[in-house]
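Note that my numbering has the sequence shown beginning at 1, numbered continuously upward.
Think of the CB as a built atom: it goes at the ideal place given N, C-alpha and C, for glycine as much as any other residue.
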Amino acid sequence: MTLDDSREQVRQASDIADVLGGYLPLTRQGRIYVALCPWHNDSRPSLQVNPERQSWRCWVCGIGGDVFSFVMRREGIDFREALELLADRANISLSKAAPVQPGSPNDKRTLFAATAWAERLFQKYLAHSPDADAARRYFHDRGISQDSVNRFHLGYAPDQWQWLVDQARSTEFSAAVLEKTGLIGRSSTSGKPYDRFKGRVIFPIHDVQGRTIGFGGRILPGNNDPKAAKYVNSPETKLFSKSDNLYALDLARDAIVESRSAIVVEGYTDVIALQQAGVRNVIAVLGTALGQRHIHLLRRYADRIYLLLDGDEAGQRRTNDILELFVSEQADLRIVTLPDQLDPCDFVQQRGVDAFHAALDTAVDALEHKLRITTAGVDVRRDLHKANEALESLLSTMARAPRLQDGAGSEVRLREHQFLSRLARKFEVDEQELRKRLSSLRRATNAAPDRSAAPSDEDVKVRAAELDPYDRNLLEVLACQPDLTLLAADEVGVDEMSSEPARRLYQTFITACQDGSPVEFNQLLSGIESESLKGLLVELDEQAAAKNITDPETLLKSFIADYQRRFEEREHRNNVAALDDKTMHGQDEMDLLQQMIERQRSRQGIVSPTDG
């Protein structure tokens, strides 16, 4: 199927009330449904769902759209991912490849079922088996409550080489399926399968939709096997990639969206202890450093990211390793350093949540942290060589930061100015010289502004009230009856729209209707990938419905006439200006005057003396 075919098939199979009802409690109110909006502190239901138009809108937030845009916003994913999620929900295959055999190692549904099954087994073993006493004692000693054990689905894998393999014999999950999920491995010598997580407490890893995609396993204290790694994570599989996922994001997402901030820690128990203490917007990396794809994922939900790694020397080195990545991204990164080399779990348990919030208040942004660690132990007055190296390192970091480039907002430019002023004072150099050096480094590295990170027209929310009244009136009628689009297009060109959002939306109408086939509103809505344009179209549709337009064709013709009058008035002003400027001579001037007189007579219904 083409993308358009897939989109239409998925749209028809995804009733908006059914889909949104899976996220929010919907209440019937006449012909619509209402719900509390998840994107603001809603005390009365202000989110409306229109099943007839297959649209939704929150009038407080000024956002809306169709089933695709809701899933995109709610899940923090792009259009293609939303299409795939809804297709999976409707059991629609988007692939051109041959269908995957259900139950096979390549069937993602089977893999998801297998990981969910294994998670339940590990939970049950932890809860009921006498052999799990040491695992239960480990969680207790770490201060993890039973509520947290249940909330995070914690478990235990017995210290047996083939326990999970044996358990699977009575299920539909073959050893090949378990191997594809990363639950079992195979011996390099005998080729026999073995349980990857044997003898470990289990931390299930979920994707943002809450599906089990992998596992983390920690060896129990007292294990004397020198070859046993302290932590083992699932390998890369069809379901799991450590560079694309974050631990507990499914549980922390709503708190992150509400606070517009995320706290990133290193360990599973750090996350559990902090969330247990009431700090809900915390997640962890999965055995790897925080990378670019993690940052892009978090930026869907948060404006500010707190990086809170262990307070020991190794944790601080890891902070420095990923610092420049954050500086070079469009992300507001704050570095939190805990005192006494405590990890977050021990800190919050020993000193309490208030002390933790106080530590967050001391966080510094990425450049400030870079300044501190770069100049630590450097006498900038006496050791000129090291001072110059430190300064060059700082300026190089700034040169690679897209959000500090020319063309950034006033707040960012002010921040850059303040930072350069501070560098000039600390290193006792002329600020103008620093600016020249920074400009030189930017040119040398060809560090152009990151246009992809800046908000595009598609990302900027547009309200109907902000449109030119002529554009708004015409687009409202077309939203009411899209089949009238070609009538409008014959008289009003796209370039006559006064703003880019109006032009893009009008062009969408024209493209959808250009073959003359009837077009429904919800088809038109699903054909738009831009979330802001979807919201604008829904708002225009709702406004048109409120006006109870009974004769849209007659009304549209009157609006087309308005455009024509505006065009003629603009042309008249231009002609008058040309005459006033004395730029025309002789017959050209007489011809222009005659045209203006004839046009004025025509508008007033006056018959020319030469007619009839």
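Inset, instruction - Given a cut-off of 9 Å, decide if residue 126 and residue 203 are closer than it, judged by their beta-carbon atoms. - result: no
Inset, instruction - Quick one: using the 10 Å Cβ neighbour count with 16 as the cut-off for buried, is residue 117 buried or exposed? - result: buried
Legend entry - Contact set for residue 23: own chain, Cβ-Cβ below 7 Å, skip 5 residues either direction: 74
Inset, instruction - Can you tell me which of 514, 43, 64 puts its alpha carbon nearest to the alpha carbon of residue 16? - result: 64
Legend entry - Status (buried if at least 16 other CB within 10 Å, exposed otherwise) for residue 507: exposed
Legend entry - Exposure of residue 200, with buried meaning 16 or more beta-carbon neighbours within 10 Å: Looking at its Cβ environment, which holds 16 or more other Cβ atoms inside 10 Å, residue 200 is buried.
Legend entry - DSSP three-state assignment for residue 50, whether helix, strand or coil: Three-state DSSP puts residue 50 in a strand.
Legend entry - Contact check, residue 673 vs residue 426, beta carbons under 9 Å: The displayed coordinates of the chain run from 1 to 612. Any statement about residue 673 would go beyond what the structure contains.
Inset, instruction - Assess, as a yes-or-no matter, whether the segment 473 to 480 is touched by the segment 539 to 548 under the definition of 3 or more beta carbon pairs within less than 8 Å. - result: yes
Legend entry - Option in 28, 483, 568 with minimal Cα separation from residue 518: 483
Inset, instruction - Could you have a look at residue 22 and say whether DSSP puts it in helix, strand or coil? - result: Residue state, collapsed to three classes: coil.
Legend entry - Buried versus exposed call for residue 293 [16 or more other C-beta atoms within 10 Å across all chains shown]: exposed
Inset, instruction - Could you pull out every residue in the same chain whose Cβ sits closer than 8 Å to the Cβ of residue 438, ignoring the five residues on either side in sequence? - result: 395, 398, 399, 420
Legend entry - Unbroken alpha helix (DSSP H) run spanning residue 307, endpoints: Looking at the DSSP string, residue 307 is not in any alpha helix (DSSP H); the run it does join, the beta strand (DSSP E), is 304 to 307.
Inset, instruction - Taking the CB atoms as reference points, tell me whether residue 57 and residue 50 lie closer together than 9 Å. - result: yes
Inset, instruction - Write down the C-beta distance between residue 180 and residue 235 rounded to the nearest angstrom, noting that I regard them as a contact closer than 8 Å. - result: Contact between residue 180 and residue 235 is ruled out by a C-beta separation of about 10 Å, above the 8 Å threshold.
Inset, instruction - Classify residue 212 as helix, strand or coil using the three-state DSSP reduction. - result: strand
Inset, instruction - Could you name the residues that DSSP lists as bridge partners for residue 27? - result: 34
Legend entry - Cβ contact (3+ pairs, closer than 8 Å) linking the segment 486 to 497 and the segment 546 to 566: yes
Legend entry - Rounded straight-line distance, which links the Cα of residue 568 to that of residue 30: 46 Å
Legend entry - Span separating the alpha-carbon of residue 547 from that of residue 345: Going from the Cα of residue 547 to the Cα of residue 345 covers about 58 Å.
Inset, instruction - Give the straight-line distance between the Cα atoms of residue 283 and residue 244, rounded to the nearest whole angstrom. - result: 13 Å
Legend entry - Enclosing beta strand (DSSP E) for residue 125 [first to last residue]: Careful: residue 125 lies outside any beta strand (DSSP E), inside the alpha helix (DSSP H) at 108 to 128.
Legend entry - Cα-Cα separation, residue 128 to residue 222: 22 Å
Inset, instruction - Quick one: which unbroken alpha helix (DSSP H) runs of 4-plus residues sit fully inside the segment 256 to 283? Chain order, please. - result: 268 to 276
Inset, instruction - Can you have a look at residue 60 and say buried or exposed, based on whether 16 or more other CB atoms are within 10 angstroms of its CB? - result: exposed
Inset, instruction - Take the Cβ of residue 169 as the centre, count every other Cβ of all protein chains shown within 10 Å, and call the residue buried at 16 or more, exposed below. - result: exposed
Inset, instruction - Please confirm if the segment 141 to 150 is in contact with the segment 264 to 278, defined as three or more CB-CB distances below 8 Å between the two stretches. - result: yes
Legend entry - Delimiting residues of the beta strand (DSSP E) encompassing residue 506: Boundaries around residue 506 are those of the alpha helix (DSSP H), 500 to 513, since no beta strand (DSSP E) includes it.
Legend entry - Whole beta strand (DSSP E) elements within the segment 135 to 197, 3-residue minimum: 155 to 157, 184 to 186, 193 to 195
Inset, instruction - Determine the direct distance from the alpha carbon of residue 233 to that of residue 132, and round the result to whole angstroms. - result: The straight-line gap from Cα to Cα measures roughly 20 Å.
Legend entry - C-alpha gap between residue 227 and residue 194, whole angstroms: 16 Å
Inset, instruction - Indicate whether the contact test is met: 3 or more Cβ pairs, each with one atom in the segment 184 to 192 and one in the segment 209 to 223, closer than 8 Å. - result: The segment 184 to 192 vs the segment 209 to 223: no contact.
Inset, instruction - Can you tell me which of 175, 480, 377, 471 puts its alpha carbon nearest to the alpha carbon of residue 495? - result: 471
Legend entry - Proximity winner among 370, 334, 341, relative to residue 361 (alpha-carbon distances): Its Cα nearest to that of residue 361, the residue 334 stands out among 370, 334, 341.
Inset, instruction - Leaving out five residues on either side along the sequence, give the residues of the same chain with a beta carbon under 8 Å from the beta carbon of residue 428. - result: Answer for residue 428: 380, 381, listed in chain order.
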